[in-house]
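The structure appears below as structure tokens.
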Amino acid sequence: MAEQVLRNIGPIVLLGPPGAGKGTQSKRITEHYHIPQVSTGDLLREHVKQGTALGEQVQALIARGELVPDHLVCDIVAWRLREPDAQRGFVLDGFPRTQKQAAWLDAFLRFEFFESGQWAAWLPIVIRIQVDYNKLLLRITGRRTCPTCGRIYNVHSQPPRVDEICDVDGSKLVIRDDDRDEVIRERLETYERQTTPVAEYYKRLGRVVTIDGDQPVDVVTASVLKEIDGHACGAAEGS
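In my numbering, each residue's number is its place in the sequence shown (first place is 1) plus 888.
This is the structure we're talking about:
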């Protein structure tokens, strides 16, 4: 276990539409390897919660089911990836979403790690989680979030013990603006239009691993960890 905790893992990019389970898999990866999850959604929502100028822009965009402009997202991500806890590796959840963001990430990682001789080991592994469209709708429309602790439930598959009440702190669960039906459909259409080309970008570079997200969560996790272990070992041997 000590070797697993200390060794460099490098960047991990999770791709998949809203509701594919990226958040769950990110959490499990971070716990397994002791590296941080970098969720652009969480970072942006924190700005919304704090009422910053950026947060106000983000809130309006999310309510319309639109993506946040690349330059705003990249600035936030760059700041986060330079934090000390991200130096052994990190999981990117919700980023990159466009080819422009993917190219920016490669350039950023090259700039940050090439001179130290770590560039080969810091090429990201890209894990694409695929889920059936109709199952995605069911997952997301049933999602409820605790506004206090952030825990996520699903009324269909992972309901709280008491309807609409958080098991942890007793807060009343809420439906996030971006989990509402009309917004969900727009988000899925936006994802297919703007994000699918990212997978093609990485596929051309030979970095994409596709995982069946319709499998049980534990099976998906086992598949994901196996791919990451293989990538980390290969990168270490080649660096």
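Cβ coordinates follow ideal geometry from the N, Cα and C atoms, glycine included.
Every value quoted in this text rests on a predicted model; they were computed, and no experiment measured them.
What do you get for residue i, buried or exposed, if any count of 16 or more other CB atoms within 10 angstroms of its CB means buried?
i              : result
glycine 1038   : exposed
proline 972    : exposed
glycine 977    : buried
serine 1045    : exposed
arginine 1075  : buried
tyrosine 1021  : exposed
tryptophan 992 : buried
aspartate 1066 : buried
proline 899    : buried
leucine 903    : buried
glutamate 891  : With a pLDDT of 42 at glutamate 891, under the threshold of 50, the modelled position of this residue cannot be trusted, and the question is left open.
lysine 937     : exposed
Keeping to the same chain, check which residues put their C-beta closer than 7 Å to that of residue i; ignore five residues upstream and five downstream.
i            : result
arginine 916 : Thr1109
valine 893   : Reliability of the predicted coordinates at valine 893 is poor, the pLDDT of 46 falling under 50, and the value obtained from them is presented with this limitation in mind. The residues are His922.
valine 956   : Leu932, Val946 and Leu949
cysteine 962 : Gln989 and Trp992
Residue range of the alpha helix (DSSP H) that residue i falls in?
i                  : result
arginine 933       : 928–938
glycine 911        : 910–921
leucine 1026       : 1021–1029
leucine 942        : 941–951
threonine 1098     : Careful: threonine 1098 lies outside any alpha helix (DSSP H), inside the beta strand (DSSP E) at 1096–1100.
isoleucine 1017    : Where isoleucine 1017 is concerned, there is no enclosing alpha helix (DSSP H), although the beta strand (DSSP E) it sits in stretches over 1013–1018.
isoleucine 1053    : Premise fails: isoleucine 1053 is in no alpha helix (DSSP H) and is neither H nor E.
lysine 1060        : Here lysine 1060 belongs to no alpha helix (DSSP H), and DSSP marks it neither H nor E.
proline 984        : Proline 984 -> no alpha helix (DSSP H), and no H or E assigned at all.
phenylalanine 1076 : Checking the sequence, you will find leucine at residue 1076 rather than phenylalanine. Counting along the chain, the alpha helix (DSSP H) containing leucine 1076 begins and ends at 1069–1082.
From residue i to residue j, what distance separates their C-alpha atoms?
i              : j               : result
asparagine 896 : aspartate 1051  : 43 Å
valine 1086    : arginine 1092   : 10 Å
glutamate 1000 : threonine 912   : 28 Å
valine 979     : proline 1047    : 27 Å
histidine 1114 : valine 1014     : Checking the sequence, you will find lysine at residue 1114 rather than histidine. So the two alpha carbons sit approximately 13 Å from each other.
leucine 960    : tyrosine 1090   : 22 Å
valine 1062    : threonine 1098  : 32 Å
threonine 1033 : isoleucine 1053 : 10 Å
glutamate 1080 : histidine 920   : 30 Å
arginine 998   : leucine 969     : 13 Å
glutamate 934  : glutamate 1088  : 31 Å
arginine 1095  : arginine 1016   : 10 Å
glutamine 1082 : alanine 990     : 12 Å
proline 984    : serine 927      : 11 Å
alanine 951    : arginine 1068   : 9 Å
valine 901     : aspartate 930   : 16 Å
valine 965     : aspartate 958   : 10 Å
Counting only the same chain and skipping the five closest in sequence on each side, list residues whose C-beta sits under 6 Å from that of residue i.
i              : result
leucine 1011   : none
valine 1043    : Gly1030
glycine 907    : Leu1024, Arg1027 and Ile1028
methionine 889 : Note that methionine 889 has pLDDT 36, beneath the 50 cutoff, so the model's placement of it is unreliable and the number below is only indicative. Answer for methionine 889: no residue qualifies.
glutamine 953  : Before going on, a small fix: residue 953 reads as glycine here, not glutamine. Around glycine 953: Val1071, Glu1074 and Arg1075.
Can you tell me where the beta strand (DSSP E) holding residue i begins and where it ends?
i               : result
valine 901      : 898–903
aspartate 981   : 977–981
isoleucine 964  : Unbroken run through isoleucine 964 is the alpha helix (DSSP H), 958–969; no beta strand (DSSP E).
isoleucine 1040 : 1040–1042
Using beta carbons (cut-off 9 Å, strictly below), is residue i in contact with chain D?
i            : result
proline 1012 : This model lacks chain D altogether, as it is built from one protein chain only.
> Three or more beta-carbon pairs under 8 Å between the stretch 1099–1110 and the stretch 1057–1074, yes or no?
Replying inline: no
> Does the count of Cβ pairs from the stretch 932–942 and the stretch 1112–1122 closer than 8 Å reach three?
Replying inline: no
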